[in-house]
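Residue numbers (the numbering used here): 32 to 186.
Just so you know, even glycine gets a beta-carbon here, dropped at the ideal spot from N, CA and C.
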């Protein structure tokens, strides 16, 4: 990251996904924590943005039959959540209903959400949390404005 930034002036980097970083240690959790902390320090030092993608914990996937994902559902979430300035999850109700038909009985189910992706800001160190619904075009993996307004979280 440092060499790309110096050579090309790159200011945004994407790591897909943090848990795939190879480490030669038996304490993977501690190494992920050190890696994520180092990324945070690098962002501050160079004034850059690093976007890290993460998968959900397996338990989190099962929980999605009952509710929408949160920052706590990320694998190694305690370390990622502590260092991250923002945590954003995407939620496709139609996919969840396909995988977990019982979701239709949950409080989060909305029959008007067919064909949408909910962009959920779970954590914002210096701002609001909440969500916005976007139209999702699966044939080209494109999202576009549906409502155009940010719905602030009441939590």
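The beta carbons of residue 123 and residue 148 sit about 5 angstroms from each other, so the pair counts as a contact at 8 angstroms. Under the three-state reduction of DSSP, residue 120 is assigned to strand.
Selection 60, 36 and 61 evaluated against residue 74 yields 36 as nearest (Cα-Cα). Per DSSP, the unbroken alpha helix (DSSP H) holding residue 75 starts and ends at 59 to 77.
CA-to-CA, the gap between residue 141 and residue 66 works out to about 38 angstroms. For residue 111, the closest alpha carbon among the candidates 145, 139, 76 and 87 is that of 87. For residue 47, the enclosing beta strand (DSSP E) covers residues 43 to 47.
Around the Cβ of residue 63, a 10 Å sphere holds 16 or more other Cβ atoms; the residue is buried. By the C-beta density criterion, residue 78 is exposed, having fewer than 16 other C-beta atoms within 10 angstroms. Apart from the 5 residues on each side of it in sequence, residue 116 sits with its Cβ closer than 7 angstroms to the Cβ of 156 in its chain, given in chain order. Excluding sequence positions up to five before and after residue 139, its CB lies within less than 6 angstroms of the CB of 98 and 99, all in the same chain and listed in chain order.
If you ignore the 5 residues before and after residue 81, its C-beta comes within less than 6 angstroms of the C-beta of 44, 70 and 74, all in its own chain and listed in chain order. Between the alpha carbons of residue 102 and residue 146 lies a distance of about 23 angstroms.
Between the alpha carbons of residue 131 and residue 57 lies a gap of roughly 35 angstroms. For the options 47, 46 and 32, the alpha carbon positioned closest to that of residue 40 is the one of 32.
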